[in-house]
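Read in the working numbering, the sequence shown has 895 at position 198, and its numbers run on one by one without any break.
Note that the Cβ used here is the ideal one computed from N, Cα and C, for glycine as well.
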Amino acid sequence: MAHQFISLFPSPMSKRQIESDSDIDVSSTDDSDNETDQQQNDGDVDMQETVNVDFDFFDLNPDVDFHAIKNFLRQLFGDDHAEFDTSGISDLILTKNTVGTTIKTEGQESDPYALLSVFSISNNFTVPSVKQLIDYVLSQTKNKLEFNVTLKKLLQPTTESSPRVGLIVSERLINMPIEVVPPMYKMLSEEMQKADDADERFNFDYYLIISKVYQLVDAVEKDDEGKGKKRKTGDEKPPVEFDYFHLEDQILEANATYKGIFDYKNKNQQETDSRRVFTDYGIDPKLSIILINRDNLAKSVKEMEGQFPAP
């Protein structure tokens, strides 16, 4: 399968325009300054030009995509990726007759820029990498009692009539446009319905989605001797607010049966302040876990299409 989706988005160089915005009145400056300003403005206009990028949607390819998917999993699980056998999960994603989509720009043999897939947790309880994943999720949610109890009921071998759970794996490069997401979810839904043994393998009652959010925190500064550290603090401590690496998570959370944001177990492997953005704040990533039922996932996909339409 290969479908083409064309997106227009600004070149990364356009951030220079934001940096050059100013409230200074230059009308009283001399001619040379005006000429310099004009040259800078002309340069800024050039930096605003858009870049046409053709995104091709491909089926998962076990011969090509294994290492890229493993890297996506490491990115998705953040500092806790060592808690899992990411190779084992990658193998499950790429098993025969799997469903899912990658986005590439240089043909099927190139590395993907985005991934969306799903595999059955319920059919793989005995697989070591899945057992690790279940233990991790239950450990993270232990302080959210109702969420944890529900997951314990869903994430263990029971009878054939028990609710079935699929794990949605969704990850992409950070600068991928959000508009690529709704088509990927729509194709995933269609593939699950048309797959061989669809009722046995992809007839899920619930979907577990592991994602990431982040909190902007005050930057850390070293003292004059470079020993201790202190944080910049204002007069009042601001409320805790989270932002999203995946904007579609806001829709999924709104329709979720349960949701939660959790600290990574190994969050100190990389200092928060080293994750600086273009502000005086550091980025503190958090783990997001979402449980959503089948009907509400379908509802979410429709809302994604309305909120993030393809150009």
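For Glu-888, does the count of other Cβ atoms within 10 angstroms reach 16, so buried, or fall short, so exposed?
-> buried
Name the residue from Asn-821, Asp-981, Ile-790, Ser-826 whose alpha carbon lies nearest to the alpha carbon of Lys-909.
-> Asp-981
Hey, would you say Leu-984 sits closer than 9 Å to Asp-832, going by beta carbons?
-> no
Anyone know if the C-beta pair for Ile-987 and Asp-946 falls short of 9 Å?
-> yes
Could you check the C-alpha separation between Lys-883 and Thr-855 for me, to the nearest Å?
-> 30 Å
Whose C-beta lies closer than 8 Å to the C-beta of Leu-870 among residues of the same chain, with five residues either side of it excluded?
-> Closer than 8 Å at the Cβ level, and outside the excluded window around Leu-870, lie Tyr-810, Ala-811.
Looking at the structure shown, is Glu-945 part of a helix, part of a strand, or coil, going by DSSP?
-> coil
Which class does Glu-1002 belong to by DSSP, given the choice of helix, strand or coil?
-> helix
Determine the extent of the beta strand (DSSP E) in which Arg-869 is found, giving its start and end residues.
-> Counting along the chain, the beta strand (DSSP E) containing Arg-869 begins and ends at 862-869.
DSSP state of Asp-981 mapped onto helix, strand, coil | strand
Kindly say whether Asn-821, judged by its beta-carbon, lies nearer than 9 Å to any beta-carbon of chain B.
-> In the displayed structure, chain B is absent; only one protein chain is listed.
Candidates Lys-793, His-943, Gln-890, Leu-994: closest to Thr-954 by CA position = Leu-994
Roughly how many angstroms lie between the CA atoms of Ala-779 and Phe-763, to the nearest whole one?
-> 17 Å
In terms of alpha-carbon separation, which member of Ser-836, Phe-959, Phe-816, Val-914 lies closest to Ala-892?
-> Phe-816
Would a C-beta distance cut-off of 9 Å place Phe-822 and Gly-863 closer than the cut-off?
-> Contact flag unset, no.
How about Ile-865 and Ser-787: are their beta carbons less than 9 Å apart?
-> no
Residues bridged to Met-957 (per DSSP) | First, the residue type needs correcting, since residue 957 is Gly and not Met in the sequence shown. In DSSP, Gly-957 forms a bridge with Ile-986.
Under three-state DSSP, which class holds Leu-905?
-> strand
One or two residues paired with Ser-682 in a DSSP bridge = Within the shown structure, residues of the chain are numbered from 698 to 1008, placing residue 682 beyond reach of any answer.
List the whole-angstrom C-beta distance separating Glu-868 from Leu-773, where the pair is believed to meet the contact cut-off of C-beta under 8 Å.
-> Sure, about 5 Å apart at Cβ, within 8 Å.
What separation, rounded to the nearest whole angstrom, lies between the Cα atoms of Asn-749 and Glu-1002?
-> Distance between the alpha carbons of Asn-749 and Glu-1002 is about 21 Å.
With DSSP collapsed to three states, give me the class of Ser-717.
-> Its pLDDT being 31, under 50, Ser-717 is placed unreliably in this model, and the value from its coordinates should be taken loosely. Helix, per DSSP.
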